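*Asks:*
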Amino acid sequence: MLQVIGIDAAYGHARVLHDVSLELEEGEMLFIVGRNGAGKTTLLRTIMGLLRPLKGSIKFDGGDIAGLSPEELYHRGFRYVAQDKKVFGSLTVRENIEIAAYSSGEPLSRAVDKVLEIYPKMRDFLNLKAGQLSGGQRQILLIGQALVGTPRLLLIDEPTQGLAAVVINEIAKILKRLKGQLSAIIVEQNLPLVTKLADKVVVLKEGKVIATLREASEICNTDLLEKSL
Amino acid sequence: MIYAIMYGLTVGAILYLISVGFSLTFGTMRVINFAHTLTYTIGAYLLVASLRQVGIPFLWGGVVGVGVAALVGYCIERFVIRRLYGESLDYTFIATFAVFLIGVDIIKWIWGVYPKPISDPIGRAAEFFGFVFPVYRILVIVLAILVFFGLEFFIRKTMVGKIIVAALDNKEGVRCLGIGVEKYFTIAFVLGSALAALGGVLYAPITAVHPYMGSHILLLCFAVVLTGGLGNLRGTFLASFFLGMLISITGRFWPAGSEIVAFIAMALVLLLRPIEA
Ligand SMILES: Nc1ncnc2c1ncn2[C@@H]1O[C@H](COP(=O)(O)OP(=O)(O)OP(=O)(O)O)[C@@H](O)[C@H]1O
Ligand SMILES: [Mg+2]
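Residue numbers (the working numbering), protein chains in the order written: chain A, 1 to 229; chain B, 1 to 277.
(1) So which residues touch the region around ligand 2, with touch meaning a C-beta under 7 Å from any heavy atom?
(2) Just to confirm my understanding: we take M48 of chain A, look at its own chain, exclude 5 residues before and 5 after, and list those with CB closer than 8 Å. What are they?
(3) Kindly say whether R124 of chain B, judged by its beta-carbon, lies nearer than 8 Å to any beta-carbon of chain A.
(4) How far does the alpha helix (DSSP H) with R45 of chain A in it extend, from its first residue to its last?
(5) Tell me whether V162 of chain A, by its Cβ, gets closer than 7 Å to a heavy atom of ligand 1.
(6) Under the DSSP definition of a beta bridge, which residues are partnered with M1 of chain A?
(7) G62 of chain A by DSSP, collapsed to three states: which one?
(8) Which residues in chain B have a C-beta closer than 7 Å to the C-beta of F125 of chain A? List them in chain order.
(9) Is the CB of D169 of chain B under 8 Å away from at least one CB in chain A?
(10) Which residue marks the beginning of the alpha helix (DSSP H) containing Y114 of chain B, and which one marks its end?
(11) If you follow the beta strand (DSSP E) that F133 of chain B is in, where does it begin and where does it stop?
(12) Please list, in chain order, the chain A residues whose beta carbon lies closer than 9 Å to that of F159 of chain B.
(13) Tell me the DSSP secondary structure of K179 of chain A in three-state form.
(14) Cα separation between I206 of chain B and I122 of chain B?
(15) Taking the C-alpha atoms as reference points, what is the distance between V140 of chain B and K121 of chain A?
(16) Roughly how far, in whole angstroms, is the beta-carbon of G199 of chain B from the beta-carbon of L17 of chain B, given that I think they are within contact range, below 8 Å?
(17) Under 7 Å: does the beta carbon of N170 of chain B sit that close to some heavy atom of ligand 1?
(18) Can you tell me which of the three DSSP states S217 of chain A falls into?
(19) Nearest by alpha-carbon distance to E77 of chain B: which of B:L59, B:V99, B:D105, B:S23 is it?
(20) Check whether the Cβ of A130 of chain A lies closer than 7 Å to any heavy atom of ligand 1, and answer yes or no.
(21) Provide the residue span of the alpha helix (DSSP H) that contains I32 of chain A, from first to last.
(22) Return the bridge partner residues of T10 of chain B from the DSSP annotation.
(23) Hey, does G12 of chain A have any beta-carbon neighbour from chain B nearer than 8 Å?
(24) Sorry if obvious, but does the Cβ on N36 of chain A come closer than 7 Å to a heavy atom of ligand 1?
(25) Tell me whether Y11 of chain A, by its Cβ, gets closer than 7 Å to a heavy atom of ligand 1.
(26) Hey, would you say L15 of chain B sits closer than 8 Å to L243 of chain B, going by beta carbons?
(27) What residue range does the beta strand (DSSP E) around H13 of chain A cover?
(28) With a threshold of 7 Å, establish whether the CB of A204 of chain B neighbours any heavy atom of ligand 1.
(29) Check S19 of chain B in the structure and name its three-state DSSP category.
(30) Would you say A14 of chain A touches ligand 4, meaning its beta carbon is less than 7 Å from a heavy atom?
(31) Interface residues of chain B around E71 of chain A at Cβ under 9 Å?
(32) Counting beta carbon pairs with one atom in the region 105-116 of chain A and one in the region 144-151 of chain A, are three or more of them shorter than 8 Å?
(33) Unbroken alpha helix (DSSP H) runs of length 4 or more, entirely within the region 213-266 of chain B: which are they?
(34) If I follow the unbroken beta strand (DSSP E) through V80 of chain B, where does it start and stop?
(35) If we ignore side chains and look at the alpha-carbon of each, how far apart do A194 of chain B and V165 of chain B end up?
(36) Consider the Cβ of Y119 of chain A: report whether some Cβ of chain B lies at a distance smaller than 8 Å.
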């Protein structure tokens, strides 16, 4: 469904991605791994239209989407959960969901249900300012927002970063439930989680793809993964 | 002393009307808009022109002033500011300052440089406990408070308001949820311009209308917004009345220092609570 073909991306003169390619099939969960500064976030931002690739193309359902705005991509089913876990802190949790529902056309009650479905405890926080949520709850709210409307491709940047082990389990459970229902590209440094969920792993190093693992045997071999980092 | 407090409240009310748009546009768009108080000046001048040259009543003159200033605000946003989103703050400084200078020169060209005083449209005074207050000033204060509550309602309860608040927190997040923020920025900007013009219209009978009134108030506006917190609307409200009061009371004892204290207060606030950029 998604093909990234030979893209370069840069901030000003600093080129960050070099000839990056990857391919995602419908319903697949692809993980991107790589060291800090490897360009993982840059790659997701480029796919989401927040950064324009200098060269190369990005195809979705066969059509070229490089150069489309994040707003347009949203309406094609792209959902981006950024690394910074920034919720709309001065709005309530319910209002956060309301914003997510606004342009998708989904009624608020259905949108709220979708979030409660992945995390029933959120019911107690609906009227709380989202800024008061814990890091894990924020992450879950952000993933919940991404499920509102008709998502087709989730782009999630380091969903478990900086979270406690219990919370990581909670998020792993949510991701596991989504697996197969939605296509997803997830940046993740937590290798055990990657091996458990990945259909495909792309290893990024200094802005280049140095390995693409497709076989379960390769993916399960954390040693191999760790070495390639 | 009571009169100084009354005057302080009036100045605070005007400062609030002018500053709130400045705070709102900085908070949402990260644009420091030097042209902001141009719409304040335009509002005041159009009121004067309406009264003197067309001869319509004050209320309608005010509507014309606010309406035209909102339109000017729209043009400034659409044709200047919108091109600067995401650029460094220096560019927005230069571009909006240029707009400000051009605007002031156009005003001088049309209406000349001499101050144009206009009289209090109500002209009556009310007596409370032996003190006499002009009804007009009381009205100005009440209006500012009404605007505050109106704006609170708009920002907190309407979808447009919530989207603006969300964009204040995380603009990119809003865009990635399929909402084109620019439309909402325009609304916030025009609203801010209209309120600044309302400030100009209401202040015109209290002070004199002259081409440079905007540059003078701009500095105070900075002090208010920095004291109240950039993008913080309640803070702007409180800071306006606090600084208005400070200016007025200091002016009673030390006229030359009345406005300096506003900047000292700003500096103190910044020292205690630096801007998180
Ligand atoms: N806004 C920016 N302007 C300039 N350079 C940037 C910017 N964002 C990232 N970079 C640089 O681009 C490179 C790749 O950054 P990126 O954030 O994509 O890495 P990452 O793999 O996501 O790292 P991390 O694991 O720390 O999130 C880094 O060298 C970084 O310093
Ligand atoms: Mg990153």
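All C-beta atoms in this analysis are idealised placements derived from N, C-alpha and C, irrespective of residue type, glycine included.
Since we're looking at a predicted model, the values are computed, not measured.
*Replies:* Answer, in terms of the structure:
(1) A:K40, A:T41, A:Q83, A:D157, A:E158, A:V187
(2) These residues qualify, in order along the chain: P70, L73, F78, Y80, L155.
(3) No, R124 of chain B does not count as interfacial toward chain A.
(4) 40-47
(5) For the sequence presented, residue 162 of chain A should be read as Gly rather than Val. The answer is no for G162 of chain A.
(6) M1 of chain A is not bridged to any residue.
(7) coil
(8) Within 7 Å Cβ-Cβ: nothing; F125 of chain A doesn't reach chain B, min ~17 Å.
(9) So yes, D169 of chain B belongs to the interface.
(10) It is not in any alpha helix (DSSP H) - Y114 of chain B carries neither H nor E in the DSSP assignment.
(11) 131-134
(12) Note that residue 159 of chain B corresponds to Met in the displayed sequence, not to Phe. Here the neighbours are E98, I99, Y102.
(13) strand
(14) 12 Å
(15) 48 Å
(16) 4 Å
(17) no
(18) helix
(19) Nearest of B:L59, B:V99, B:D105, B:S23 to E77 of chain B, Cα basis: B:V99.
(20) no
(21) Boundaries for I32 of chain A: no alpha helix (DSSP H) harbours it, while the beta strand (DSSP E) harbouring it runs 29-34, taken from the DSSP string.
(22) Note: T10 of chain B sits in no beta bridge, so no partner.
(23) no
(24) yes
(25) When distances are taken from the beta-carbon of Y11 of chain A to the heavy atoms of ligand 1, the shortest one is below 7 Å.
(26) Closer than 8 Å, so yes.
(27) Neither: H13 of chain A is in no beta strand (DSSP E) and is coded neither H nor E.
(28) no
(29) helix
(30) In the structure shown, ligand 4 is absent; the only ligands present are ligand 1 and ligand 2.
(31) R175, C176, L177, G178, I179, G180, V181
(32) yes
(33) 213-228, 233-253
(34) Element bounds for V80 of chain B: n/a, residue is neither H nor E.
(35) When rounded, the distance between both Cα atoms is 19 Å.
(36) no
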